[in-house]
Amino acid sequence: MQHDKIFKKHGIENIIVICDASLRYKIIDKDHFENLVNLNIIKIAPADTSADEFIIEYAKKNDAMIITNDRFNDYRDDPWVRENIDKHLVPFMFIGRDIFIKKK
């Protein structure tokens with residue numbers, strides 16, 4: 007099953023992928039990754055910034071869900087994060103090529 011079908015099954019649409027600039031150096035298939043960046047499927051945070059800041063701001067502004075296993079503990083001093091972030095987090099895991107999403 008394709009990942010987008012799994013997301014839609016859980017009511018998750020309009021997916022935006024935001025990652026740290028350093029990710030491009032950790033990816034095995036660099037050509038495929040750069041192609042996804044060039045197609046604007048993956049957004050890369052500016053160098054020397056954390057993608058987390060952009061992800062949090064996007065979720066805050068758009069009431070968006072965040073598919074991540076990150077708890078954003080480094081940002082819990084921020085009142086909005088402390089009071090709201092847990093409502094926006096959707097944990098997941100991969101088993102082989104399949105993705106499993108925890109239902110909210």
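For what it's worth, this note's numbering labels the leading residue of the sequence shown as 7, then goes sequentially. Backbone N, C-alpha and C fix where the C-beta goes; we use that ideal spot for every residue, glycine too.
Might you give, ordered along the chain, the residues of its own chain that have their beta carbon closer than 6 Å to the beta carbon of residue i, omitting 5 neighbours on each side?
i: M7; result: Unreliable positioning characterises M7 in this predicted model, as indicated by a pLDDT of 42, which lies under 50. A coordinate reading is not provided.
i: K108; result: P97
i: N75; result: P97
Along the chain, where does the alpha helix (DSSP H) containing residue i start, and where does it finish?
i: I62; result: A57 to N68
i: I111; result: Past the boundaries of the shown model lies residue 111; the chain is included only from 7 to 110, so the question cannot be answered.
i: D37; result: K36 to N44
In terms of DSSP beta bridges, what is residue i paired with?
i: F13; result: In DSSP, F13 forms no bridge with anything.
i: M99; result: F106
i: K49; result: I24
i: I72; result: L95
Check this for me: beta carbons of residue i and residue j, under 8 Å apart or not?
i: I5; j: A53; result: There is no way to answer for residue 5, as the model of the chain reaches only from 7 to 110.
i: I62; j: V43; result: no
i: D84; j: S56; result: no
i: I91; j: F78; result: yes
Which same chain residues end up closer than 7 Å to residue i when comparing Cβ atoms and leaving out the 5 residues on each side of it in sequence?
i: N20; result: none
i: F60; result: I24 and A51
Using a Cβ-Cβ cutoff of less than 8 Å, which residues in the same chain neighbour residue i once the five nearest sequence positions on both sides are dropped?
i: I18; result: M71, I73, V96 and I107
i: K11; result: none
i: D80; result: D58
Check the C-beta distance from residue i over to residue j and give it rounded, since I have them as a contact under 8 Å.
i: I65; j: H94; result: Checking the sequence, you will find Ala at residue 65 rather than Ile. Right, their Cβ atoms sit about 5 Å apart.
Using a Cβ-Cβ distance under 8 Å, would residue i count as near chain C?
i: S56; result: Included in the structure is just one protein chain, with no chain C present.
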